[in-house]
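J.:
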Amino acid sequence: MNKVLLIIQREYVTRVRKKAFIVMIFVVPALILGMSALIGFVAKNNQELSNDQLVKVIDESGAFVGKLHNAKHIKFEDAKQPAADAKTSLQQDENLSLLLIPKDYTKKPVQILSKKKPTYQVTGEVERQMNAIASAKSLVDHHIDTALLNALNKNRITVNAMEVTATGTKDANLATTMGVGVACAILIYLSLFIYGAQVMRGVIEEKTSRIIEVIISSVKPFQLMLGKIIGVGLVGLTQFGAWIILSVVSSKIAGHAFSGPGSPIAGAVAVLSTIPFGYILGCFIFYFLTGYLLYSALFAAVGSAVDSETETQQFMFPITLPLLFTYLLSVTVLFQAPDSPLAVWLSMIPFTAPVAMMVRVPFGGVPPWQLAISMSLMVVGFLFTTYVAARIYRVGVLMYGKKASFKELAKWFFYKE
């Protein structure tokens, strides 16, 4: 046990003393805050950043002549030239588009042409206005009072999502919850790759420099692998802890500095305070640790099986495919239906649970029995993968100049001591 502790200490101390580690502790929160501010600024001023677009309209039906109204950065103009000449003029102006409306526009497609691909801003505005005009024409054709209908449509219904708790009801803050869920999934996904790759890279460096031969003479391969994995994992926890503390402090300072009734910072802090961060943080630490132990053991086995980082690709893709698959689903599907059968099953399987469960947890609807089963399977999963990886590692670290395959790894696993 003392030998494992010495390896953990070595791995931890050598990494936290590096200038890059110290710099990243302060740089990452600053980059996140800066990026968030930049995204907010760009989103707010997106319309101002767009170039003005001129859309020339050739309407063979006559139903839309003079009815398309200018919008922000979009100007409509009836074309005074044949379609062939108008198409030729597109080659000379990137901010020019041509809207071709056929005589029977309900059966034939309406086309919008431009030198480069039309933006969603232009196509969306054209589609919205044309649908409104066509709907109004249909109502008039059926002798329906459009003025009365428009007056009735002004009575819009707003639905507020509320959450029932033991103390009453509160705002569910769905947008914030979804954002936190996706952010947790992305953070787990990236951290498992980053810190797992550090373990693999460290094994490869020690193996290629032949230092591993000296170390193995003093400790067992399993002790070396375990010490390396735990040491790097503690580095990750230290980094996350520092980032959380800095983020909390900076948000408090920003909240006090920009506090006020209409302050966006104060509003954001108020919204975030409704999220159960203690519960989310506890789950995040557990799934980071167990997920890291599971994947880093496999990364260590891969590192022991190769002689250079370029040879790792054939092993890395099958190992990381479940994680990548779940990540892609998380940012596209799972956050919209966190309690769907797919989300539940993915949050139970150890190879996919770290990402899938962190999408579900912020919504607060994970039954305790599902969380207990998922956590139990994660513990069993990393113990099993550590056992498998250790049996491969004990042989692989002393193999040189031989390209390993999955068949070869299976042989190493069954080798007797």
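Residue numbers for the sequence shown follow our numbering, so the first one is 3 and each next one is one higher.
We treat Cβ as the ideally placed atom computed from N, Cα and C, and that holds for glycine.
Measuring alpha carbon to alpha carbon, tell me which of F337, I10, L348 and R12 ends up nearest T179.
T.: The shortest C-alpha separation from T179 is found at F337.
J.: Spell out whether any CB of chain C is found under 8 Å from the CB atom of T121.
T.: Note that chain C does not occur in the displayed structure, where there is just one protein chain.
J.: Using DSSP's beta-bridge definition, name the partner residues of Q113.
T.: Q113 pairs with L102.
J.: Can we say the segment 353-369 touches the segment 277-296, given the rule of at least three CB pairs closer than 8 Å?
T.: Verdict: yes, contact present.
J.: Kindly indicate which three-state DSSP category V308 falls into: helix, strand or coil?
T.: Residue state, collapsed to three classes: coil.
J.: For Q316, report the span of its alpha helix (DSSP H) as first-last.
T.: Taken as a continuous stretch (DSSP letters only), the alpha helix (DSSP H) holding Q316 covers Q315 to S332.
J.: Going by the DSSP bridge assignment, what does V59 pair with across the sheet?
T.: DSSP output for V59 lists D80 and L101 as bridge partner(s).
J.: Using the Cα positions of F319 and I394, report the straight-line distance between them to the nearest angstrom.
T.: When rounded, the distance between both Cα atoms is 18 Å.
J.: Go ahead and pull the three-state DSSP assignment for A73.
T.: In this structure, A73 counts as strand in the three-state DSSP scheme.
J.: Just to confirm my understanding: we take G264, look at its own chain, exclude 5 residues before and 5 after, and list those with CB closer than 7 Å. What are they?
T.: Note that G264 scores 49 on pLDDT, short of 50, meaning its location in the model is unreliable and no value can be drawn from it.
J.: On the DSSP letters alone, give me the boundaries of the alpha helix (DSSP H) that Y402 sits inside.
T.: Per DSSP, Y402 belongs to no alpha helix (DSSP H) and is neither H nor E.
J.: From this set, A303, K222 and L239, which residue's C-alpha is nearest R203's C-alpha?
T.: Per the Cα distances, A303.
J.: Label T387 either buried or exposed according to how many other C-beta atoms from any shown protein chain fall within 10 Å of its C-beta, with 16 as the threshold for buried.
T.: T387 comes out buried.
J.: For the segment 224-241 against the segment 326-342, are there 3 or more C-beta pairs whose distance is under 8 Å?
T.: Too few Cβ pairs lie closer than 8 Å, so no.
J.: Beta carbon of I217, beta carbon of S298: below 8 Å?
T.: No, Cβ-Cβ distance for I217 and S298 is not below 8 Å.
J.: Cα-Cα, which of M26, T354 and W371 is closest to Y191?
T.: The shortest Cα separation from Y191 among M26, T354 and W371 belongs to T354.
J.: Below 8 Å CB to CB, which residues in the same chain sit around F290 once its five sequence neighbours on both sides are set aside?
T.: Cβ within range, chain order: I190, S193, L194, G238, L239, F242 and P356.
J.: Go through the segment 331-397 residue by residue and report every complete run of the alpha helix (DSSP H) that reaches 4 residues or more, in order.
T.: If we require 4 residues or more, the alpha helix (DSSP H) runs fully inside the segment 331-397 come out as 343-348 and 355-362.
J.: So what does DSSP say about V18, is it helix, strand or coil?
T.: Looking at V18 - three-state DSSP - the assignment turns out to be helix.
J.: Output needed for G383: all residues of its chain with C-beta closer than 6 Å, excluding positions within five of it in sequence on either side, in chain order.
T.: If we look at G383 and ignore the five residues flanking it on each side, its Cβ neighbours are L296 and P352.
J.: Using a Cβ-Cβ cut-off of 7 Å (strictly less than) and excluding sequence neighbours within five positions of P278, which residues of its own chain qualify?
T.: Only G366 meet the Cβ criterion.
J.: State the DSSP-derived secondary structure class of G284, mapped to helix, strand or coil.
T.: G284 falls in the helix class under three-state DSSP.
J.: Comparing alpha-carbon positions, which option in I247, Y281, A187 and T210 lies nearest A1?
T.: The requested residue 1 is not part of the displayed model; the chain covers only 3 to 419.
J.: On the three-state DSSP scale, how would you describe D87?
T.: Helix, per DSSP.
J.: Within the continuous alpha helix (DSSP H) that includes L92, where are the two ends?
T.: Here L92 belongs to no alpha helix (DSSP H), and DSSP marks it neither H nor E.
J.: Can you tell me which of the three DSSP states V161 falls into?
T.: V161 falls in the coil class under three-state DSSP.
J.: Identify, in the order they occur along the chain, each residue of the same chain with its Cβ nearer than 6 Å to the Cβ of A244, setting aside the five sequence neighbours on each side.
T.: Hits under 6 Å: I27.
J.: Should R12 go down as buried or exposed, given a rule of 16 or more other Cβ atoms within 10 Å for buried?
T.: Result: exposed.
J.: Between A73 and E127, how many whole angstroms is the CB-CB distance? I'm expecting something under 8 Å.
T.: Contact flag correct, Cβ pair sits at about 5 Å.
J.: Within 10 angstroms of the Cβ of S378, are there 16 or more other Cβ atoms? Answer buried if so, exposed if not.
T.: Exposed, since its Cβ has fewer than 16 Cβ neighbours within 10 Å.
J.: Look up A187 in the DSSP assignment and say whether it is helix, strand or coil.
T.: Note: A187 maps to helix in three-state DSSP.
J.: For a quick check, are the C-beta atoms of D54 and H71 less than 8 Å apart?
T.: In this structure, H71 does not lie closer than 8 Å to D54 by Cβ.
J.: Got a sec? Which residues, its chain only, sit under 8 Å from C186 by beta carbon, not counting five neighbours each side?
T.: Answer for C186: I282, F286, M360, V361, V363 and P364, listed in chain order.
J.: So, for S306: in the same chain, excluding its five sequence neighbours on each side, which residues have a beta-carbon less than 6 Å away from its beta-carbon?
T.: Only V205, Y395, G398 and V399 meet the Cβ criterion.
J.: Pick from K21, G181 and Q225: whose alpha carbon is nearest that of K334?
T.: It is worth fixing the name first, because residue 334 is Thr in this sequence and not Lys. Ranking the options by Cα distance to T334, first place goes to G181.
J.: Exposed or buried, what is Y2 when buried is set at 16 or more other beta-carbons lying within 10 Å of its beta-carbon?
T.: Within the shown structure, residues of the chain are numbered from 3 to 419, placing residue 2 beyond reach of any answer.
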